[in-house]
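Here is the structure we will look at.
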Amino acid sequence: MRKGTVLLALILILAGVYFLLVELDLGVPSLDRLWPLFPFAGGVAALGNYLRTGRQEHGSVFWGTALVLTGLFFFLISLGDQDYTVLQTWWPVFIVIAGISFLALWLAQGLRDWGALFLSIVALLFGGVALAVNLQILGPNTAQELRRLWPALLVLVGLVLLMRGLLGRRPSRQ
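Here you go:
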């Protein structure tokens with residue numbers, strides 16, 4: 019039997035059992051609470067693809083990590099006592115998830131892709147600061163203070179570009 023046929027058969031059996039339990043009213047959570055299972059399962063499949071291909075498909079690590087973490091985050095909301103209005107406060111979690119995913123990609127590539135590490139650090143810092151501001155961990159007026167200090171971000175980006183230009187690789191002459 020082919021793998022695709024077996025997978026389809028298992029999906030149909032699981033779906034049939036689930037819908038039968040729902041129809042029999044046996045206290046099974048409804049799909050509006052279980053939908054995060056789909057991105058989670060997609061992430062597990064992507065990570066499985068990475069392992070199945072002999073650790074060659076590095077992009078699968080990024081997407082697998084992102085989908086697994088996103089599914090887990092939405093499970094916390096859908097299975098808990100919260101509703102989706104909490105996303106007004108917790109939206110920076112998605113930036114943190116991207117940072118973790120870029121870090122996983124960097125690790126999967128054997129610590130060679132410095133661009134992935136840079137994106138990871140930027141996303142983790144930005145997401146962490148945004149989350150701290152939203153949760154008022156740094157104080158109640160932090161958001162107003164950061165709005166006043168936005169030109170400092172221009173200076174920081176300029177310094178990074180300057181350092182990169184001064185310390186970057188020089189083209190070799192042949």
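So for the sequence shown, the working numbering puts the first residue at 19; every next one is plus one. Yeah, the Cβ is synthetic: ideal placement off N, Cα and C, and Gly gets one too. Just so it is clear, the structure is predicted and the values come from calculations on it, not from any experiment.
Taking 7 Å as the cut-off, decide whether the C-beta atoms of residue i and residue j are in contact.
i	j	result
Pro-54	Gly-98	no
Ala-116	Ala-134	no
Val-86	Gly-61	yes
Phe-91	Ile-113	no
Ser-48	Thr-83	no
Ser-138	Leu-121	yes
Ser-96	Arg-51	yes
Mapping DSSP to helix, strand and coil, what is residue i?
i	result
Pro-47	coil
Ile-113	helix
Ile-31	helix
Leu-184	helix
Leu-167	coil
Ile-155	coil
Trp-132	helix
Pro-1	This structure leaves residue 1 out entirely; the chain is present only between 19 and 192.
Gln-162	helix
Gly-98	coil
Leu-42	coil
Locate the alpha helix (DSSP H) running through residue i, then write down its first and last residues.
i	result
Glu-75	Careful: Glu-75 lies outside any alpha helix (DSSP H) and carries neither H nor E.
Thr-107	105-108
Can you check whether the C-beta of residue i is within less than 7 Å of a C-beta belonging to chain B?
i	result
Gly-183	Chain labels in this structure do not include chain B; a single protein chain is all it has.
Give a yes or no on contact between the stretch 151-167 and the stretch 122-139, applying the rule of three or more CB pairs nearer than 8 Å. no
Between the stretch 101-121 and the stretch 141-154, do three or more beta carbon pairs fall short of 8 Å? With the rule of 3 Cβ pairs closer than 8 Å, the stretch 101-121 counts as touching the stretch 141-154.
If contact is defined by three or more beta carbon pairs under 8 Å, each pair taking one atom from either stretch, is the stretch 119-131 in contact with the stretch 71-81? yes
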